[in-house]
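Have a look at the structure below, then the notes.
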Amino acid sequence: MSARCTKRGESLLRRMIQTTTAKTTAPASNARYFRSALSNNDIAFTNGRRVYSSFDWSSSSSSSSSSKSSGAAFAGAAATATMMMAYFLPSSSWSSSSSLARCEEAKKEAKMSSSKGGMPFESVTLYQYDVCPFCNKVKAFLDYHNIPYDVVEVNPLTKTEIKQFEHEWKKVPVLVVDGKATYNSRDIINEVDERVRKHSGLTKRWFGEKSKKEKEKEEEWCKWVDDRFVHVLTPNIYKTFREAMESFDYITERGNFGFFERQSARITGAVSMYGISKMVLKKRHGIEDERASLFEETRKWMSEGVGQSGGKFCGGDAPNIADISMFGVFRAVKTFQTFEDVCKEVPEMVPWYERMQKAVGESSRSDGLSN
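Going by the UniProt record's numbering, 183 is the number at position 183 of the sequence shown; the sequence numbering is gapless.
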């Protein structure tokens with residue numbers, strides 16, 4: 001969304017919403033996968049590799065084969081032990097303020113609208129991991145534009161829910177719009193943004209056209225979020241084993257999984273990512289102290305990305321795609337110790353985050369859950 005809202009733009013935004021009645025429910029896998037994994041070390045090794053490869057690392061530089069191998073080996077060994085544990089452990093043990101105000105008013109009215117044809121989509125389904133930073137980028141973008149969407153939680157070990165896409169893509173997020181799948185968070189956002197603008201006529205007549213400099217800045221910071229910040233944040237999520245376990249707590253509550261699937265995914269995922277974070281990710285991205293690097297990069301965002309914009313956002317008076325992406329990444333960890341530490345050490349980030357919360361608004365998920 002552009003920086004300025006005019007009255008005509010507001011009128012248009014009021015119609016930018018549709019109700020989605022189709023709800024996609026991912027088929028639940030049964031315990032056969034779990035039993036076969038217990039009986040075969042090779043499967044356990046593969047599961048470790050899957051956990052490592054399931055995130056959308058496509059924007060990062062490639063790592064050496066030895067680093068990948070050592071990470072997968074650790075994950076595989078952990079999978080063998082932790083899957084056994086899952087049998088016995090109960091789940092309980094584990095511009096100006098006025099321009100922004102006009103945009104907010106339009107967004108609120110759009111939320112209340114139920115007129116069909118307000119958006120260029122009949123159905124939108126996101127295949128995701130709940131805490132994946134790249135998935136949360138996409139969710140923040142959909143929420144910001146008030147686009148209703150269904151969510152399919154993907155099992156991080158089996159990835160059964162996205163096997164229909166495996167010939168093209170083996171990672172999340174995957175967004176299916178009217179039967180067409182788009183992969184890679186950056187491509188998803190660009191595709192949806194283009195469709196929204198084309199359909200709604202969101203052009204310079206109403207919102208003003210971004211200058212070449214503004215476009216370049218937006219692209220530069222979007223790339224920085226993907227290529228740098230996410231990869232500094234990730235080792236912080238799995239900094240300690242306790243934090244790694246907390247990061248997989250969501251799988252005990254969300255997703256259409258059976259009890260053993262939930263426990264095996266939770267425990268194996270946590271152990272695997274804890275090891276991979278220590279053995280692969282820190283080395284690949286030149287990180288010595290996880291928290292110190294995270295604080296440094298957050299300060300860079302606030303001082304250069306937001307601070308040099310002349311407004312309250314990287315986009316100036318209103319958020320641009322870089323703001324939405326950064327907010328989505330932070331929102332992925334809002335309940336973790338990582339986020340609490342950032343708020344304490346980089347307090348200037350908090351007002352920006354709160355402004356983004358207000359700008360993005362409530363979740364547009366069709367299941368009624370918050371993001």
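Think of the CB as a built atom: it goes at the ideal place given N, C-alpha and C, for glycine as much as any other residue.
Practice prompt. Determine the extent of the alpha helix (DSSP H) in which residue 323 is found, giving its start and end residues.
Written response: It spans 321-331 - the alpha helix (DSSP H) in which residue 323 sits, taken as one unbroken run.
Worksheet item: Going by alpha carbons, who is nearest to residue 360 out of 232, 140, 332, 131?
Response: Checking every option, the nearest Cα to that of residue 360 belongs to 140.
Practice prompt. Pick helix, strand or coil for residue 181, following the three-state DSSP scheme.
Written response: Residue 181: strand per DSSP, three-state reduction.
Fill in: Start and end residues, alpha helix (DSSP H) containing residue 127
Note, residue 127: premise wrong, no alpha helix (DSSP H); beta strand (DSSP E) at 124-128.
Worksheet item: Where do the ends of the alpha helix (DSSP H) carrying residue 341 lie?
Response: Per DSSP, residue 341 belongs to the alpha helix (DSSP H) from 337-345.
Discussion item. Using 8 Å for Cβ pairs, my map puts residue 371 next to residue 290. What's the rounded Cβ distance?
Written reply: Between residue 290 and residue 371 the Cβ distance is about 24 Å, and since that is not below 8 Å, they are no contact.
Fill in: Contacts around residue 305, its chain only, beta-carbon distance under 6 Å, and the 5 residues preceding and following it disregarded
Listed in chain order, the non-local C-beta contacts of residue 305 below 6 Å within the same chain comprise 221, 314, local neighbours out to five positions each way being set aside.
Worksheet item: Does the beta carbon of residue 246 sit closer than 9 Å to a beta carbon anywhere in chain D?
Response: No chain D is part of this structure, which consists of one protein chain only.
Worksheet entry | Same chain only: Cβ atoms within 8 Å of residue 310, ignoring 5 sequence neighbours per side | These residues qualify, in order along the chain: 316.
Worksheet item: Between the Cα of residue 344 and the Cα atoms of 284, 269, 299, which residue gives the shortest distance?
Response: Distances from the alpha-carbon of residue 344 to those of 284, 269, 299 put 299 closest.
Worksheet item: Looking only at its own chain, which residues have a Cβ that is under 6 Å from the Cβ of residue 349, when we skip the five neighbours before and after it?
Response: Counting only Cβ-Cβ distances below 6 Å, and skipping sequence neighbours, we find 298, 302.
Worksheet item: If you follow the alpha helix (DSSP H) that residue 143 is part of, which residue opens it and which one closes it?
Response: Its alpha helix (DSSP H) spans residues 133-144.
Discussion item. Tell me which residues share the same chain as residue 363 and place their Cβ nearer than 6 Å to its Cβ, disregarding the 5 neighbours each side in the sequence.
Written reply: In chain order, 143, 370, 371 place their CB closer than 6 Å to the CB of residue 363, counting only its own chain and leaving out the 5 sequence neighbours on each side.
Practice prompt. Could you say if the segment 222-234 and the segment 319-334 meet the contact criterion of at least three C-beta pairs nearer than 8 Å?
Written response: Counting Cβ pairs under 8 Å, three or more are found: they touch.
Discussion item. By DSSP's criteria, residue 232 is part of a beta bridge. Which residues make up the other side?
Written reply: Looking at the DSSP assignment, residue 232 forms no beta bridge with any residue, so it has no partner.
Worksheet item: What is the rounded straight-line gap between the Cα of residue 269 and the Cα of residue 294?
Response: Approximately 23 Å, taken between the alpha carbons.
Worksheet item: Looking only at its own chain, which residues have a Cβ that is under 7 Å from the Cβ of residue 178, when we skip the five neighbours before and after it?
Response: Close CB contacts of residue 178 within its chain, under the 7 Å cut and outside five residues either way in sequence, are with 121, 122, 123 (chain order).
Worksheet item: Which whole-angstrom value is the C-beta distance of residue 185 and residue 134, which I expect to be below 8 Å?
Response: Contact between residue 185 and residue 134 holds: their C-beta atoms lie close to 4 Å from each other, under 8 Å.
Practice prompt. Could you check what DSSP says for residue 248 in three-state terms: helix, strand or coil?
Written response: Residue 248 falls in the coil class under three-state DSSP.
Item to complete: Could you please give me the residues that DSSP links to residue 316 through a beta bridge?
Response: Note: residue 316 sits in a beta bridge opposite 313.
Discussion item. Between 125, 355, 336, 351, which has its C-alpha nearest residue 233's C-alpha?
Written reply: Taking only the C-alpha atoms, the option nearest residue 233 is 336.
Worksheet entry | Pick from 145, 136, 283 that is closest to residue 192, judged by C-alpha positions | For residue 192, the closest alpha carbon among the candidates 145, 136, 283 is that of 145.
Discussion item. Quick check: residue 138 and residue 367, are their CB atoms within less than 9 Å of each other?
Written reply: For residue 138 and residue 367, no; Cβs fall outside 9 Å.
Worksheet item: Alpha carbon to alpha carbon, what distance is there between residue 154 and residue 326?
Response: One C-alpha to the other measures close to 23 Å.
Discussion item. Here's the rule: buried if 16 or more other CB atoms are within 10 angstroms of the residue's CB, otherwise exposed. What is residue 275?
Written reply: In the assembly as shown, residue 275 is a buried residue. Its beta-carbon has 16 or more other beta-carbons within 10 Å.
Discussion item. Classify residue 284: buried if its beta carbon has 16 or more other beta carbons within 10 angstroms, exposed otherwise.
Written reply: With a threshold of 16 other beta carbon atoms within 10 Å, residue 284 meets it and is buried.
Fill in: Buried/exposed call for residue 171, threshold 16 Cβ in 10 Å
Counting Cβ neighbours within 10 Å, residue 171 comes out buried, since at least 16 surround it.
Discussion item. What residue range does the alpha helix (DSSP H) around residue 280 cover?
Written reply: For residue 280, there is no enclosing alpha helix (DSSP H), as DSSP marks it with neither H nor E.
Item to complete: Can you tell me which of 147, 194, 262 puts its alpha carbon nearest to the alpha carbon of residue 159?
Response: 262 is the residue among 147, 194, 262 whose C-alpha sits nearest the C-alpha of residue 159.
Item to complete: Can you tell me which of the three DSSP states residue 192 falls into?
Response: Here residue 192 sits in helix by DSSP.
Fill in: Proximity winner among 183, 248, 287, relative to residue 272 (alpha-carbon distances)
Closest by C-alpha distance to residue 272, out of 183, 248, 287, is 248.
Discussion item. In whole angstroms, give me the CA-to-CA distance for residue 331 and residue 231.
Written reply: Computed Cα separation, rounded: 15 Å.
Worksheet item: In terms of alpha-carbon separation, which member of 242, 307, 328 lies closest to residue 217?
Response: Of the candidates 242, 307, 328, 307 places its Cα closest to the Cα of residue 217.
Worksheet entry | Collapsed DSSP secondary structure at residue 377 in the structure displayed | Here the chain has residues from 1 to 371 only, and residue 377 is not among them.
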